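Here is the structure we will look at, set down as C-alpha cells.
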Amino acid sequence: MIEFREVDKAFGQKVVLKRVSLVVEKGEVRFIIGSSGAGKSVLVKHLVGLLRPDGGRIFLDDEEVTELTEQQYYRVRKKCAMVFQNSTLFDSMTLVENVALPLRKHRHLKQKEAEAEAMGFLEKVQMDRLAGRYPADIGDGLRKRVAIARALTMDPEYVIFDEPTTGLDPLAAANVDRLIRELSDVFGKTSVVVSHDLRSIFTVADRIAMLYKGEVLLDGTPKEFRGTSNGIVRQFIEGRPDGPFEFPRIHGA
Amino acid sequence: MSSLAPTPATAEPQKRAKRPIPRQSKANRPLLYPLAAFRRGATLFLETLLWCIKPGALKRRRRQILEQLFVIGNKSVVFITVTLGVLGLISVFQVLVQVERILPDFSMIGPAFIQIMTREFAPTMAGLMIATRVGSGIAAEIGSMVVTEQVDALRMCNADPVDYLVMPRFVASVIQTTLLSIYGCVIGVASGFIAAGLFWNIPAGTFFNLQLVAYGDVVSGLMKAVAYGMAVPIVAAQAGLETSGGSEGVGTATTRAVVNASFSVVVLDFLLSGFSFLFLSKGPM
Chain E
5 MIEFREVDKA
15 FGQKVVLKRV
25 SLVVEKGEVR
35 FIIGSSGAGK
45 SVLVKHLVGL
55 LRPDGGRIFL
65 DDEEVTELTE
75 QQYYRVRKKC
85 AMVFQNSTLF
95 DSMTLVENVA
105 LPLRKHRHLK
115 QKEAEAEAMG
125 FLEKVQMDRL
135 AGRYPADIGD
145 GLRKRVAIAR
155 ALTMDPEYVI
165 FDEPTTGLDP
175 LAAANVDRLI
185 RELSDVFGKT
195 SVVVSHDLRS
205 IFTVADRIAM
215 LYKGEVLLDG
225 TPKEFRGTSN
235 GIVRQFIEGR
245 PDGPFEFPRI
255 HGA
Chain Y
546 MSSLAPTPAT
556 AEPQKRAKRP
566 IPRQSKANRP
576 LLYPLAAFRR
586 GATLFLETLL
596 WCIKPGALKR
606 RRRQILEQLF
616 VIGNKSVVFI
626 TVTLGVLGLI
636 SVFQVLVQVE
646 RILPDFSMIG
656 PAFIQIMTRE
666 FAPTMAGLMI
676 ATRVGSGIAA
686 EIGSMVVTEQ
696 VDALRMCNAD
706 PVDYLVMPRF
716 VASVIQTTLL
726 SIYGCVIGVA
736 SGFIAAGLFW
746 NIPAGTFFNL
756 QLVAYGDVVS
766 GLMKAVAYGM
776 AVPIVAAQAG
786 LETSGGSEGV
796 GTATTRAVVN
806 ASFSVVVLDF
816 LLSGFSFLFL
826 SKGPM
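Which chain is which? The protein sequence lines are E and Y, in order. With the first sequence counted from 1, adding 4 to any position gets you the working numbering. With the second sequence counted from 1, adding 545 to any position gets you the working numbering.
Shown next, in the form of C-alpha cells:
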C-alpha cells in the first residue's frame with residue numbers, strides 16, 4: 005500500500021501541493037486526475053524520491069520513505085517502476101540497450117545477459133523485432149511500449165504511469181489502457197496512473213482522486229465520480245469549457 | 546489505518562491542519578542564492594571526484610570519455626587556433642609599436658611574450674573559449690535531458706546522473722583544456738613571431754628565447770589549465786542539472802552556464818596567479 009500523508013510541495017513561491025493525503029491499495033488501478041499543472045506528476049514523483057516534499061510523510065508498504073537517501077531510494081525504485089510521460093528512452097542507446105539498462109544497474113547483470121533478458125520483455129510488448137533500432141526511428145506509441153517494457157524489467161510491485169496515453173492515437177492509447185488493466189488483473193500489480201484522458205479514466209480506473217489547486221478535491225470510484233454533485237468535478241469530467249473550474253495561472257503571469 | 550480511508554465522493558476539499566503552507570525556502574532568497582549555488586557546485590565537484598577515483602570507473606565510462614574528448618577537444622581546435630593566433634599576432638604588434646618609441650632594443654620582447662603566454666594568456670584564453678563553447682554545450686545537453694525527464698529516468702534505472710553525465714565530461718575537459726592550452730601557447734607564440742619577424746625583422750633566434758621562462762611559469766600555466774578544465778564542466782553541468790521550465794529553461798541554463806563558467810575562469814585566474822606569485826619558484830628552467 006502507498007500512502008501520502010499531508011504532503012506539501014512548493015517550487016519557489018509557487019505552491020503546488022497543499023497537505024495532500026492519498027492512499028493507494030494493493031492491486032488496484034488508481035487514477036490521479038486534474039488539469040495540467042495541478043500537481044499530479046509532482047505528487048507521484050515524491051514516492052520514488054525524484055522530488056522531496058517540503059512537509060508531510062510518504063509510506064510504502066508501511067515503511068516511511070520520506071527521508072531516504074538517494075542510494076536508499078534505489079530499493080524503492082526497484083519496487084515502484086515509473087513510465088514517464090515522454091517515454092524518456094535514451095537516444096544514444098538501442099531499444100534493447102534501453103530495456104537492459106535497469107537490469108545492468110539494479111541486478112548488476114553483464115551486458116549480454118541483460119540484453120538477452122531484455123529481449124524477453126520486448127517480446128511481451130511485441131517490440132522484439134525492432135530491438136536493434138534507436139528510439140528516434142520509431143513512433144510515440146511504440147516508444148511508450150518500450151518504456152513499459154523497461155519499467156517491468158525489475159518485476160515491480162507498483163507501476164507509476166505519468167500520462168501514458170497523452171499524444172497517442174486512439175488505438176495505441178487503447179492498447180496501453182488494456183496493458184495497464186492486465187497488469188492489475190493478471191499479474192496483480194498496483195498501478196498509479198496520472199492522466200487527464202477521460203476515456204481511460206472511466207474504462208480502466210478502480211478508484212480516482214482529483215487534484216485541484218494543489219488539494220484533493222474528490223476521492224472515489226468511477227461511479228461516485230459520475231454521480232457527484234460537485235460542479236468543478238462535473239465540469240472536468242464532462243469536458244465543458246464554462247463553469248466554476250478555475251484554470252491554473254501560469255507562474256509569474 | 547481507518548483515518549486513511551478515502552475521502553467520500555461528496556466531500557469538499559480536505560480540511561486544513563494547523564501546519565502553515567511552506568512559501569519560500571531560504572535557498573531561494575536572492576542574497577543567499579550565490580552562496581547556496583556555490584555550495585551545490587562544490588558538492589557536485591566532490592561527487593564527480595569520487596566517481597572518478599572509484600575503481601574501474603574510467604574503464605567503465607571509456608566510450609563516453611572518448612566521445613567527450615572528441616566533442617570538447619577536436620571540435621575546439623579551430624576555435625583555439627584562430628583566437629590564440631590572432632591574440633598573439635595583435636599583442637606582439639601592439640607591444641612593439643609602443644616599445645619602439647622608448648627602447649632601441651627588441652631582444653627581450655620574445656622572451657617576455659613567451660613568459661606571459663605560458664603563465665597567463667594561453668591557459669586563460671583557452672579556458673575562456675572552452676567556457677563559452679563547451680560550457681554552453683554541456684548545459685544545453687544536460688538541460689534538455691532534465692526537461693524531457695531523461696535524467697529522472699536514469700535515476701529510476703539506478704544510474705547516477707553524475708556518474709553517467711558529469712564524470713565523462715569532467716575527465717575529458719581536464720585532459721583537453723590542458724592539451725589545448727599547450728597547443729594555444731605554441732600557436733600564440735608562433736603567430737607573435739610572425740608579427741615580430743614580418744614587421745620588425747626580429748630574428749627567430751632572438752624571439753624564441755626561453756631565458757625568462759621559469760619552472761614556476763610552466764607550473765602556473767599548467768595549474769590554471771587543469772583548474773579551468775575542472776571548473777567549466779562542473780559549473781555548466783550544475784546549470785544543466787538545475788534546469789526547469791521546458792525549452793525556455795534550457796536557454797536560461799545555457800546562458801547561466803556561460804556566464805558562471807567565464808566568471809569562474811576569471812576568479813580562478815586571480816587566485817592562482819596570486820598563489821604562483823607567492824609560492825612558486827622564479828628560477829630559470
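Where is the CB? At the ideal position from N, CA and C, for every residue including glycine. Remember, it's a predicted structure, so these values are computed and weren't measured experimentally.
Integer Cβ distance of residue i from residue j, believed to fall under 8 Å
i: residue 778(Y); j: residue 714(Y); result: 5 Å
i: residue 802(Y); j: residue 776(Y); result: That pair is no contact at about 12 Å.
i: residue 103(E); j: residue 122(E); result: 4 Å
i: residue 589(Y); j: residue 771(Y); result: 18 Å between Cβ atoms; not a contact.
i: residue 663(Y); j: residue 766(Y); result: 5 Å
i: residue 147(E); j: residue 139(E); result: 6 Å
i: residue 149(E); j: residue 131(E); result: 5 Å
i: residue 711(Y); j: residue 782(Y); result: 5 Å
i: residue 48(E); j: residue 166(E); result: 7 Å
i: residue 11(E); j: residue 24(E); result: 5 Å
i: residue 61(E); j: residue 9(E); result: 5 Å
i: residue 812(Y); j: residue 586(Y); result: Residue 812(Y) to residue 586(Y), Cβ: 12 Å. No contact.
Simplified DSSP assignment, three categories, for residue i
i: residue 138(E); result: coil
i: residue 86(E); result: strand
i: residue 74(E); result: helix
i: residue 92(E); result: coil
i: residue 637(Y); result: helix
i: residue 250(E); result: coil
i: residue 221(E); result: strand
i: residue 595(Y); result: helix
i: residue 197(E); result: strand
i: residue 38(E); result: coil
i: residue 114(E); result: coil
i: residue 167(E); result: coil
i: residue 576(Y); result: coil
i: residue 762(Y); result: helix
i: residue 601(Y); result: coil
i: residue 6(E); result: strand
i: residue 215(E); result: strand
i: residue 12(E); result: strand
i: residue 17(E); result: coil
i: residue 528(Y); result: The requested residue 528(Y) is not part of the displayed model; chain Y covers only 546 to 830.
i: residue 718(Y); result: helix
i: residue 27(E); result: strand
i: residue 63(E); result: strand
i: residue 69(E); result: coil
i: residue 129(E); result: coil
i: residue 52(E); result: coil
i: residue 190(E); result: coil
Minimum Cβ-Cβ distance from residue i to chain Y less than 7 Å
i: residue 55(E); result: no
i: residue 83(E); result: no
i: residue 105(E); result: yes
i: residue 70(E); result: no
i: residue 214(E); result: no
i: residue 262(E); result: Absent from the model: residue 262(E). The displayed extent of chain E is 5 to 257, so no value can be given.
i: residue 131(E); result: no
i: residue 88(E); result: yes
i: residue 138(E); result: no
i: residue 78(E); result: yes
7 Å Cβ cutoff, residue i in contact with chain E
i: residue 701(Y); result: yes
Practice prompt. Identify each residue in the stretch 92 to 117 of chain E for which the Cβ-Cβ distance to at least one residue of chain Y is less than 7 Å, and report them in chain order.
Written response: 92, 94, 105, 106, 109 and 110
Item to complete: Could you list the residues in the stretch 677 to 705 of chain Y with a C-beta less than 7 Å from some C-beta on chain E, going in chain order?
Response: 693, 694, 695, 697, 698, 700, 701, 702, 703 and 704
Item to complete: Please name the residues in the stretch 14 to 45 of chain E whose beta-carbon is closer than 7 Å to at least one beta-carbon of chain Y, in chain order.
Response: 14, 16, 17, 19, 22, 23, 25 and 27
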